[in-house]
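Trainee:
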Amino acid sequence: MESGDITRNSRALVTVMAVLALLIALYSVIDQLTGPEVYGPGDTEIVVSAGDRFTIEVPDDPGDGRHWIIAAPRPDPAVLRTTGWESPGAPGASGNAAPAAGGRLTPTRGTRALGFEAVRPGRTDLRLLHCLRCATGAADEPGAGVLNFRITVG
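All residue numbers for the sequence shown refer to the working numbering, where the first residue is 47 and numbers rise by one.
Here it is as structure tokens:
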């Protein structure tokens, strides 16, 4: 009933565990390859399918005191849903913190990503504003940046 010191049940368990580990590894690779599409400031015309998730990465320097906001006119929520900002220092974030003197963490220049989900077919505009005070008229404040995107969901 035994060959070597491994029982038939033990061999079956090892085989099942090996197959399970292979499936997990395969899923991880496929998930990485099919993750959300990433667009940048130059991608002003974005075409996606309903149900797709994607991100828009924008340059960000937390030290300059400016913030990115979704400005008016806001995108049509029937076409496009915001899934949120990826915060600096989060896993996968490009704008991570760097150790400063004394071991404290300070923000560094990098990028910040805003996630979206395409809800249903249609077309909508998205306007991102990089502003200091982000109040009415913020687009006109010195140093403000504006990015405009046209998103088509097919």
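Glycine included, every Cβ here is placed at the ideal spot set by N, Cα and C.
If you're wondering where the values come from, they're calculated on a predicted model, not measured in any experiment.
Among Leu178, Arg173 and Gly191, whose alpha-carbon lies nearest the alpha-carbon of isoleucine 92?
Mentor: If you number the sequence shown from 1, residue 92 lands on position 46. Comparing Cα positions, the closest option is Arg173.
Trainee: I need the straight-line Cα distance from valine 84 to alanine 117, nearest angstrom please.
Mentor: Locating residue 84 in the sequence shown gives position 38, where the first residue counts as 1. Locating residue 117 in the sequence shown gives position 71, where the first residue counts as 1. Approximately 20 Å, taken between the alpha carbons.
Trainee: Taking valine 125 as the reference, which of Arg112, Gly156, Asp171 and Ala67 has the closest Cα?
Mentor: The sequence position of residue 125 within the sequence shown is 79, counting from 1. The candidate whose alpha carbon is nearest that of valine 125 is Asp171.
Trainee: Which two residues bound the contiguous beta strand (DSSP E) that contains proline 105?
Mentor: Counted from its first residue, the sequence shown places residue 105 at position 59. It spans 99 to 106 - the beta strand (DSSP E) in which proline 105 sits, taken as one unbroken run.
Trainee: DSSP three-state call for leucine 172: helix, strand or coil?
Mentor: As a first step, residue 172 must be located in the sequence shown, where it is residue number 126. Here leucine 172 sits in strand by DSSP.
Trainee: For threonine 157, count neighbouring C-beta atoms within 10 Å of its own C-beta (all shown protein chains included) and say buried if the count is 16 or more, exposed if not.
Mentor: Here residue 157 refers to the residue found at position 111 of the sequence shown. Answer is buried; the Cβ neighbour count reaches 16.
Trainee: State the DSSP-derived secondary structure class of valine 165, mapped to helix, strand or coil.
Mentor: Along the sequence shown, read from residue 1 onward, the residue named residue 165 stands at position 119. DSSP places valine 165 in coil when its eight states are reduced to three.
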